[in-house]
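Count the sequence shown with the numbering used here and you get residues 412 to 702, in order. Notes follow once the structure below has been shown.
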Amino acid sequence: MPGRPSIKDDRPMPKALTQAQVDSFRRDGFVFPVRALSTAEAAAHAARVDDFEARTGEKASSRLRTKANLLTPWLAELVRHPRILDAVEDILGPDILCWGGGIFVKRPGDPAFVSWHQDTWYWSWKPKDAVTVWLAFTDTSVANGAVRYLPGSHNRPIERHSWKNDTNNLLTTSLEVSGGVDEAKAVTVEIKAGEMILHHERVVHGSLPNTSDKPRIGFSIQYVAAHFKETAIPATSASLVRGVDRYKNFEDEPIPAREFDPVGVAAFDRALVLYREAAKSLRLAKGPGAP
């Protein structure tokens with residue numbers, strides 16, 4: 412069985428990131444800006460989000476929030492975009508799984524926010540290294556609720572989290588760091604449409620409401636190396652997007668042929684069952700008071 416490298420291993424020369432960007436990711440827990448799409452491509456994706464909401468009457472932040480790549484072909488294609496995967500490969504290595512992707516929308520004046528949290532609380536992956544891509548479909552700014560980070564927080568012990576029931580929280584679980592954070596140390600990351608941020612699963616991050624007159628639309632994608640596995644909870648599902656999966660630690664996922672393709676919807680429904688079972692098991696594994 413092949414060995415299990417972590418993202419801290421020495422790797423060949425980067426394919427998409429500079430060495431300085433790789434070093435920044437390791438030091439701070441995030442790196443930006445990384446160009447993934449042209450401005451026109453990003454605008455086309457933002458228009459698709461607008462069209463989805465107009466046609467369905469549903470909020471994309473709800474219906475396309477978890478594993479949206481199983482529900483619509485254009486998002487399935489986007490999680491496999493070569494420029495995105497080249498950057499992810501520079502961090503994780505050549506064999507890459509996509510756990511899922513979700514749309515985040517904050518309309519002008521929207522009170523929606525994302526509480527301070529660490530993605531690592533949702534899973535029990537080993538090794539404790541994974542990459543989230545936050546891809547901007549529109550320009551992001553302090554005013555419209557850009558993502559904020561606590562640099563270096565991925566290198567500290569994992570923070571205690573708790574539930575905070577708030578309908579304006581875009582996190583499906585309303586997960587929040589229990590003891591609060593030192594916001595004076597927070598960095599707000601402003602990026603242009605078509606640019607992306609890569610962040611470590613343990614870095615503390617969140618975002619504020621949109622107080623501007625411009626929308627903030629983005630796509631968050633979670634990637635793991637193929638050798639990762641769940642240790643405290645039942646296996647969930649994932650999509651092989653680059654390289655080879657020699658470990659089979661996750662159930663395979665299909666690529667939808669059309670929007671709400673029955674095959675994709677069935678896989679989505681199955682994934683939600685696995686995710687809910689996993690969340691329940693993880694709360695038990697982490698003890699009383701865990702989210």
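Glycine residues also receive a C-beta, built at the ideal position from the N, C-alpha and C atoms.
Legend entry - Rounded separation between V442 and S435 - CA only: One C-alpha to the other measures close to 6 Å.
Inset, instruction - Leaving out five residues on either side along the sequence, give the residues of the same chain with a beta carbon under 7 Å from the beta carbon of P522. - result: Within the same chain, N579, P620 come within 7 Å of P522 by CB-CB distance, once the 5 residues on both sides are set aside.
Inset, instruction - Within 10 angstroms of the Cβ of V558, are there 16 or more other Cβ atoms? Answer buried if so, exposed if not. - result: The Cβ neighbour count for V558, taken over all protein chains shown within 10 Å, is at least 16; the residue is labelled buried.
Legend entry - Classification of A696 by the beta-carbon crowding that lies within 10 angstroms, buried from 16 upward: Unreliable positioning characterises A696 in this predicted model, as indicated by a pLDDT of 45, which lies under 50. The coordinate reading is nonetheless provided below. With fewer than 16 Cβ atoms within 10 Å of its Cβ, A696 is classed as exposed.
Legend entry - Straight-line gap, M412 to V676 (C-alpha atoms, nearest Å): With a pLDDT of 41 at M412, under the threshold of 50, the modelled position of this residue cannot be trusted, and the question is left open.
Legend entry - Where D462 falls: helix, strand or coil (DSSP): Three-state DSSP puts D462 in a helix.
Inset, instruction - Ignore the nearest five residues each way along the sequence and tell me which others in V445's own chain have a CB closer than 6 Å to its CB. - result: Excluding the 5 residues flanking it on each side, V445 has same chain C-beta neighbours closer than 6 Å at A498, M607, in chain order.
Legend entry - For Q633, the residue or residues it bridges with in DSSP: Within the DSSP bridge table, the entry for Q633 names G511, T543 as partners.
Legend entry - Proximity to T642 [Cα-Cα], best of N660, F630, P425: Looking from the CA of T642, the closest CA among N660, F630, P425 belongs to N660.
Inset, instruction - Flag this pair as touching only if the region 503-522 and the region 464-480 have three or more C-beta atom pairs under 8 Å; answer yes or no. - result: Contact between the region 503-522 and the region 464-480 is present, because at least three Cβ pairs lie under 8 Å.
Inset, instruction - Closer than 6 Å by C-beta to V655: which residues in its own chain qualify, once you throw out the five before and the five after it? Chain order, please. - result: Excluding positions up to five away in sequence, the list reads D506.
Legend entry - Where S650 falls, given that 16 or more other Cβ within 10 Å makes a residue buried: Classification for S650: buried.
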